[in-house]
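Each residue of the sequence shown is one higher than the one before, counting from 1 in this note's numbering. Just so you know, even glycine gets a beta-carbon here, dropped at the ideal spot from N, CA and C.
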Amino acid sequence: MPSHDWKLSSYDYKLPQSLIAQHPAPKRDQSRMLFLERKSGKISNRNFTEIVSLLPESSCLVINNTKVLPARITGKRQSGGKIEALLIEENNNGDWSAIVRKAGRIKQGERLEFCDGKLLAKAKERLEEGEWLLEFEETERLKERLEDVGLPPLPPYIERRNASDLQNTKDRERYQTCFATEPGAIAAPTAGLHFTPEILTEIGNRGIDILEVTLHVGLGTFSSIDQEDIRKHKMHAEFFSVSPQTLRQLQVYQNNNKQMINVGTTSVRVLETLVRQNFQESSGWTDIFIYPPCKFSMTDGILTNFHLPKSTLMLLVSAFCGREFLLSSYQYAVAEKYRFFSYGDCMLIL
Numbered sequence: 001m002p003s004h005d006w007k008l009s010s011y012d013y014k015l016p017q018s019l020i021a022q023h024p025a026p027k028r029d030q031s032r033m034l035f036l037e038r039k040s041g042k043i044s045n046r047n048f049t050e051i052v053s054l055l056p057e058s059s060c061l062v063i064n065n066t067k068v069l070p071a072r073i074t075g076k077r078q079s080g081g082k083i084e085a086l087l088i089e090e091n092n093n094g095d096w097s098a099i100v101r102k103a104g105r106i107k108q109g110e111r112l113e114f115c116d117g118k119l120l121a122k123a124k125e126r127l128e129e130g131e132w133l134l135e136f137e138e139t140e141r142l143k144e145r146l147e148d149v150g151l152p153p154l155p156p157y158i159e160r161r162n163a164s165d166l167q168n169t170k171d172r173e174r175y176q177t178c179f180a181t182e183p184g185a186i187a188a189p190t191a192g193l194h195f196t197p198e199i200l201t202e203i204g205n206r207g208i209d210i211l212e213v214t215l216h217v218g219l220g221t222f223s224s225i226d227q228e229d230i231r232k233h234k235m236h237a238e239f240f241s242v243s244p245q246t247l248r249q250l251q252v253y254q255n256n257n258k259q260m261i262n263v264g265t266t267s268v269r270v271l272e273t274l275v276r277q278n279f280q281e282s283s284g285w286t287d288i289f290i291y292p293p294c295k296f297s298m299t300d301g302i303l304t305n306f307h308l309p310k311s312t313l314m315l316l317v318s319a320f321c322g323r324e325f326l327l328s329s330y331q332y333a334v335a336e337k338y339r340f341f342s343y344g345d346c347m348l349i350l
């Protein structure tokens, strides 16, 4: 394979700011869908609702049922200075690692007040740059409390003026899939945002199996790559799980060469992790990093949104359909004014 395929700059593209979706489509299933056919190299414009008829007969659709935590909280220091935190991950002691903005002069042991005093924490330990380990007073009920006082952890390219703007929008509902049941993600598995219960029912009525897996989207998914040689990038580990029944079913499907259509890159990473582990563990942590060239074991199709340039997600999709084919499809999508990123349109690759 040409060495330039391992250069990060080979996965770049130009995107007008106006095509970055700031709000979701009026209804979940009203997105546009770019249809990519790998064998023929054909690209065509579709509507998302057409996915029902486009999925291969007797295939299996895999969805990620992770639920986004309202993990963004605003607060103040003892000095009165304003801070903002994005809770990332809970450890075994109930403490949370968090990215804290305006954290420059926070001292170890300092008490922090979030959400108008509804959440109290201690800055327990400085981790990496801008990252702290926070010890909350209400550890056991924290996730429950976040549902009341936390804010949706929207990516920075989705602009909201302030905290009240976040509270007053539909982001709490729409930055969440209709099948989200397992709390733990700090970003949505965005390919799943287009589905409605009705669409899933129609898919099931076609005889297509639907399996649920869980991958709690964290830093591993959206951290940027900071080296030109993509092979040197290390992924943050993210927690995944499947039920014992699903694990057995996936083994049967692999043995029978059933076509697996993964909704989102997170579903891809769960299935490819399970195969590499020979289906030995139904839960654990994965830092699998998929980039070209890659032989996929349980991925025959991917439904995915349009991703940021030079991102790990872009690399994964390139590994599946080819870098040049993907970049040309992105160029086409820009010309056709598709909406990009989390709240944008999607593509189905078969």
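- If you draw a straight line from the Cα of V317 to the Cα of Y291, it is about 8 Å long.
- Counting every other CB atom within 10 Å of its CB across the protein chains shown gives G344 a total of 16 or more, marking it as buried.
- According to the DSSP assignment, R101 belongs to the beta strand (DSSP E) that extends over 96-101.
- If you ignore the 5 residues before and after A237, its C-beta comes within less than 6 Å of the C-beta of W285, D287, all in its own chain and listed in chain order.
- Counting only unbroken stretches of 4 or more residues, the alpha helix (DSSP H) elements lying wholly within the region 6-61 are 51-54, in sequence order.
- Counting C-beta pairs closer than 8 Å gives fewer than three between the region 120-130 and the region 143-163, which falls short of the contact rule.
- C-alpha of E137 to C-alpha of R161: approximately 30 Å in a straight line.
- For secondary structure counted as the alpha helix (DSSP H) over 4 or more consecutive residues, the region 221-264 holds these complete runs in sequence order: 244-255.
- The residue from E324, Y332, F306, T299 with its alpha-carbon nearest to that of P56 is T299.
- An exposed status is given to H23, since fewer than 16 other beta-carbon atoms sit within 10 Å of its beta-carbon.
- Under a 10 Å Cβ-count criterion, S224 is classified as exposed, with fewer than 16 other Cβ atoms of the shown protein chains found around its own Cβ.
- Listed in chain order, the non-local C-beta contacts of F325 below 8 Å within the same chain comprise L36, R38, G41, local neighbours out to five positions each way being set aside.
- Here L134 has W96, A98, A121 as same chain residues with Cβ atoms under 6 Å from its own Cβ, once five neighbours each way along the sequence are excluded.
- In the displayed model, M347 falls within a strand according to three-state DSSP.
- DSSP, reduced to helix, strand and coil, places G204 within a helical segment of the structure shown.
- Taken through DSSP and simplified to helix, strand or coil, T312 comes out as helix.
- In this structure, V268 places its C-beta atom within 8 Å of the C-beta atom of I302.
- Listed as beta-bridge partners of V68 by DSSP are A185.
- In this structure, Q254 sits near V275, with a CB-CB distance shorter than 8 Å.
- Per DSSP, the beta bridge partners of A85 are I73, V100.
- Counting the other CB atoms within 10 Å of its CB gives E272 a total of 16 or more, which places it among the buried residues.
- The Cβ atoms of R206 and V62 lie no closer than 8 Å to each other.
- Rounded to the nearest angstrom, the gap between the Cα atoms of V334 and L327 is 11 Å.
- L69 and F222 have their C-alpha atoms roughly 16 Å apart.
- Going by C-alpha positions, D209 is about 13 Å away from I199.
- Across the set D29, Q17, T214, the C-alpha of D29 shows the shortest separation from the C-alpha of P197.
- Within the region 127-182, complete alpha helix (DSSP H) segments of at least 4 residues are found at 142-149, 163-168, 171-174, given in chain order.
- Distances from the CA of E212 to each of Q78, K232, Q249, M235 were compared; the closest alpha carbon is that of Q249.
- Bridge pairing for E212: I63 [DSSP].
- Residue nearest to M260 within the set S58, P16, P26 is S58 (criterion: CA-CA distance).
- Around the C-beta of N65, 16 or more other C-beta atoms lie within 10 Å, and the residue is accordingly described as buried.
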